[in-house]
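Engineer:
Residue numbers (the working numbering), protein chains in the order written: chain D, 1 to 379; chain E, 1001 to 1379.
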């Protein structure tokens, strides 16, 4: 009884609404721009697959030069591994013993395929739990220590606080110290380039003094990994980071596009759109069939693509469109309206499929149905 | 590779996190309280299944006396019908010709089973499109005219504006005028009982003058349907409403619970919880593994159940807990924390399954895994 939203080869006009549509031409331009950037700067790219949640797109990124992907959840790693992704880093802490058993089982699977699994830690407790789970399992897990470089969420404080954790990792032959996880999520969304530069300068100082403390304790730091689509040019320029975790660059969203241009970074195009339809109309506003069950609102409401209209939240299943200027025109009943989601990651997570369109939103053709493999993979 | 979050018969402690858990004892008390209320007041109940999205729970409500369910989307209706629900009202407008074909096909299926499908309209265009879709299809569709009773979204203005629509419906032997759809969503969430009473008094006036206009034009109005969990006692007391659409009463959420008690309504219990785990801890805060990919934030952040902690949004996959009082205790690494979602409807839509627990959150046992059948059923 589940109807596909469209069939491959049909026109854009045939896509049932609301539906998440990828402009493949724009996405491939973004893919190429990032591949060019990382190659030119000699830095590794491990894009965050929590954004697109798709094994197909993860493999596309790896084919374009990425070393693997990041995820936030064990279940995401499992879903992407099932879809053929072999190098996965869970850039987040896992504490629960039964979940760590899954992590270890997946690490073995990936190692047998010639790939690898890595995991972040920020506590001695987490390292001890991982040690119990991996004991006798004939696999070695790459472990990165997360430091809090200003995001204020997970991670130990920068500096000498990281030393006991790396000491503990070094005590276990089942673990390999992989380096530092240092991600400043807040810096990504600061509006001006000056603010982002100041935030990343602090990040670099924090990472540097942690490296110094670890070196003083006799540990070398093989890698610093982090950065996102809002600042990766700055982390790259620092010379300290060896790997970038940017994910949103592939699709872009309204929030990232609101940032002022980041010096030293390529500009990316909007590649992710929500197709909606006007299904009610009155004198003051039009109502589209896309509410916050079809796009996330944590980073603000969607923009209306190509029309001078503002989107107001109409609840779970509706959006209200009003002219930006008094007397402005409203669309007609039945019209298609393209929305640009405020935040791509949790928007993708609401959908089972993304529809890849070739040749533009107006007259394009559906080329690909891309499954959201790790949608709802929460654990 | 998809691991079930828990197995039936296991303890609550075994539920992997984050996971959506139903306290079955509390849910059944809510179910019974609403059944008692509607029976005592002689009013029909057609709960909104956009809330739980589950055929199992829809059938439970029907077994307890509900006449059927509402949904907002054609795809939701299809998913619930596939799960054995036979009486479904799409309380929303459908405009697209290909979607109306699906509506008609589903109406035939339900009629063959002895059930029925109904649909809301608010435009002559919508009625004309439905007429084209249903022509020659040997089924009659019950059509309700939506009026805007203060919600400011869909619906024609109250009063004589509804007359041409009912005239148009009456011209088609394939349609049956089912009455008025009159839902004031904003009234549900007004904090004080006095504000809600004033809003519903206006609703009742608007409905009454629409009925009068239709009667003057020679139409009888077989039913007025609407109301939600925040105000249904008021619509019931009006004597004009014949059917209630309340849905959230079954689970309750933090937002509804923040309302002052509604005079003339039973009190409902929290029955929906998000089980989460502390996976990072520092001096100032604890971090749980549940962010806004596991609960909706459109109506505010979740409450922390039974602990003097405030939840702050930590992004897609994390939540930050801080003591409500300076010097208050934080939970330990690995501790379970139960969250009460801000808004149940879009929270359920993030999950593939709800875990039904018997005997309480502390020592209960998993009795049922309830599939979210219409999760992501957006079209």
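C-beta atoms are modelled at their ideal positions from N, C-alpha and C, and glycine is treated no differently.
Could you name the residues of chain E that residue 154 of chain D contacts, counting a contact when the two beta carbons are closer than 8 Å?
Structural biologist: On the first chain, position 154 is the one that residue 154 of chain D refers to. Correct list: 1279, 1280, 1287, 1318.
Engineer: Evaluate the contact criterion for the region 1003-1020 of chain E versus the region 1213-1224 of chain E: three or more CB pairs, one atom per stretch, below 8 Å.
Structural biologist: No contact exists between the region 1003-1020 of chain E and the region 1213-1224 of chain E.
Engineer: Roughly how many whole angstroms lie between the Cα atoms of residue 1322 of chain E and residue 29 of chain D?
Structural biologist: As a working mapping, residue 1322 of chain E is identified with position 322 in the second chain. As a working mapping, residue 29 of chain D is identified with position 29 in the first chain. Cα-Cα distance, rounded: 43 Å.
Engineer: Assign residue 119 of chain D to one of three DSSP states: helix, strand, or coil.
Structural biologist: On the first chain, position 119 is the one that residue 119 of chain D refers to. In this structure, residue 119 of chain D counts as strand in the three-state DSSP scheme.
Engineer: Please state the DSSP three-state secondary structure of residue 27 of chain D.
Structural biologist: Here the question's residue 27 of chain D lines up with position 27 in the first chain. Looking at residue 27 of chain D - three-state DSSP - the assignment turns out to be helix.
Engineer: Just to confirm before moving on: does the CB-CB distance between residue 353 of chain D and residue 20 of chain D stay below 9 Å?
Structural biologist: Here residue 353 of chain D is taken as the residue at index 353 of the first chain, counted from 1. Here residue 20 of chain D is taken as the residue at index 20 of the first chain, counted from 1. Cβ atoms of residue 353 of chain D and residue 20 of chain D: closer than 9 Å.
Engineer: Considering only residues of the same chain and omitting the five flanking positions on each side of residue 1192 of chain E, which have a CB-CB separation below 6 Å?
Structural biologist: Locating residue 1192 of chain E in the second chain gives position 192, counting from the first residue. The residues are 1260.
Engineer: Taking the alpha carbon of residue 94 of chain D as the reference point, which residue from D/76, D/121, D/81 has its own alpha carbon closest?
Structural biologist: As a working note, residue 94 of chain D is residue 94 in the first chain. Looking at the Cα atoms, D/121 is the closest of the given residues.
Engineer: Just list the residues that DSSP pairs residue 1356 of chain E with in beta bridges.
Structural biologist: To locate residue 1356 of chain E, count along the second chain from 1; it is residue 356. Answer is E/1022, E/1368, bridged to residue 1356 of chain E.
Engineer: How would you write the range of the alpha helix (DSSP H) that residue 233 of chain D sits in, first residue to last?
Structural biologist: Reading the first chain from its first residue, position 233 is the one you call residue 233 of chain D. Unbroken alpha helix (DSSP H) run through residue 233 of chain D: 232-238.
Engineer: So with Cβ pairs under 9 Å, would you call residue 1098 of chain E a contact of chain D?
Structural biologist: As a position in the second chain, residue 1098 of chain E is number 98, starting the count at 1. So, interface residue.
Engineer: Among residues of its own chain, excluding the 5 on either side of residue 305 of chain D, which ones have a beta-carbon nearer than 7 Å to its beta-carbon?
Structural biologist: Counted from its first residue, the first chain places residue 305 of chain D at position 305. Result list for residue 305 of chain D: 273, 338, 339, 340, in chain order.
Engineer: Between which two residues does the alpha helix (DSSP H) holding residue 1127 of chain E run?
Structural biologist: Position 127 of the second chain, counted from the start, is the residue given in the question as residue 1127 of chain E. Counting along the chain, the alpha helix (DSSP H) containing residue 1127 of chain E begins and ends at 1124-1134.
Engineer: Below 8 Å, how does it come out for the region 1242-1253 of chain E and the region 364-374 of chain D: are there three or more Cβ pairs, yes or no?
Structural biologist: No, because fewer than three Cβ pairs between the region 1242-1253 of chain E and the region 364-374 of chain D fall closer than 8 Å, the two stretches do not touch.
Engineer: Residue 314 of chain D and residue 1394 of chain E - do their beta-carbons sit closer together than 9 Å?
Structural biologist: Nothing about residue 1394 of chain E can be reported from this structure: the residues present for chain E run from 1001 to 1379 only.
Engineer: Output, in sequence order along the chain, the residues in the region 1015-1030 of chain E whose CB is closer than 8 Å to any CB in chain D.
Structural biologist: Correct list: 1016, 1017, 1018, 1019.
Engineer: Which residues in chain D have a C-beta closer than 8 Å to the C-beta of residue 1123 of chain E? List them in chain order.
Structural biologist: Taking the first residue of the second chain as 1, we reach residue 1123 of chain E at position 123. Simply 280, 281, 333.
Engineer: Assuming the contact rule is C-beta atoms closer than 8 Å, residue 278 of chain D and residue 11 of chain D should be a hit. Round their C-beta distance to whole Å, please.
Structural biologist: The sequence position of residue 278 of chain D within the first chain is 278, counting from 1. The sequence position of residue 11 of chain D within the first chain is 11, counting from 1. In fact, because the Cβ distance is near 19 Å, the residues do not count as touching under 8 Å.
Engineer: Please name the residue, chosen from E/1096, E/1098, E/1009, E/1071, that lies closest to residue 1087 of chain E on a Cα-to-Cα basis.
Structural biologist: Taking the second chain and counting its residues from 1, the one referred to as residue 1087 of chain E is at position 87. Nearest C-alpha to residue 1087 of chain E: E/1071.
Engineer: Report the three-state DSSP secondary structure of residue 1097 of chain E (helix, strand or coil).
Structural biologist: Walking along the second chain from the start, residue 1097 of chain E turns up at place 97. In this structure, residue 1097 of chain E counts as helix in the three-state DSSP scheme.
Engineer: Less than 9 Å separating the beta-carbons of residue 245 of chain D and residue 47 of chain D?
Structural biologist: To locate residue 245 of chain D, count along the first chain from 1; it is residue 245. To locate residue 47 of chain D, count along the first chain from 1; it is residue 47. Cβ atoms of residue 245 of chain D and residue 47 of chain D: closer than 9 Å.
Engineer: With a threshold of 16 other CB atoms inside 10 Å of the CB of residue 1194 of chain E, please say whether the residue is buried or exposed.
Structural biologist: Residue numbering aside, residue 1194 of chain E sits at position 194 when the second chain is read from its first letter. Residue 1194 of chain E should be labelled exposed.
Engineer: Going along the region 1064-1094 of chain E in order, which residues come within less than 8 Å of chain D, judged by CB to CB distance?
Structural biologist: From the region 1064-1094 of chain E, only 1072, 1073, 1075, 1078, 1079, 1081, 1082, 1092, 1093, 1094 have a Cβ closer than 8 Å to chain D.
Engineer: Leaving out five residues before and five after residue 204 of chain D in sequence, what residues of the same chain have Cβ atoms less than 7 Å from its Cβ?
Structural biologist: As a position in the first chain, residue 204 of chain D is number 204, starting the count at 1. Same-chain partners within the cutoff: 238, 240.
Engineer: How about residue 1181 of chain E: is its C-beta nearer than 9 Å to some C-beta of chain D?
Structural biologist: Here residue 1181 of chain E corresponds to residue number 181 of the second chain, with the count starting at 1. Chain D contact via Cβ: absent.
Engineer: Using a 10 Å radius around the Cβ and a threshold of 16 neighbouring Cβ atoms, would you call residue 42 of chain D buried or exposed?
Structural biologist: Numbered from its first residue, the first chain carries residue 42 of chain D at position 42. Under this definition residue 42 of chain D is an exposed residue.
Engineer: How is residue 1001 of chain E classed by DSSP in three states: helix, strand or coil?
Structural biologist: What you label residue 1001 of chain E is simply residue 1 of the second chain in a count that begins at 1. Reliability fails at residue 1001 of chain E, whose pLDDT of 39 lies under 50, so the model's placement of it is uncertain and the value that follows must be treated cautiously. Coil.
Engineer: Can you find a C-beta in chain E that's less than 9 Å from the C-beta of residue 41 of chain D?
Structural biologist: Looking up residue 41 of chain D in the first chain gives position 41. Residue 41 of chain D does not count as touching chain E.
Engineer: To the nearest whole angstrom, what separates the beta carbons of residue 199 of chain D and residue 184 of chain D, a pair I think is in contact under 8 Å?
Structural biologist: Within the first chain, the letter at position 199 stands for residue 199 of chain D. Within the first chain, the letter at position 184 stands for residue 184 of chain D. Correct: roughly 6 Å between the Cβ atoms.
Engineer: What three-state label does DSSP hand residue 1037 of chain E in the structure shown?
Structural biologist: In the second chain, counting from the first residue as 1, residue 1037 of chain E sits at position 37. Helix.
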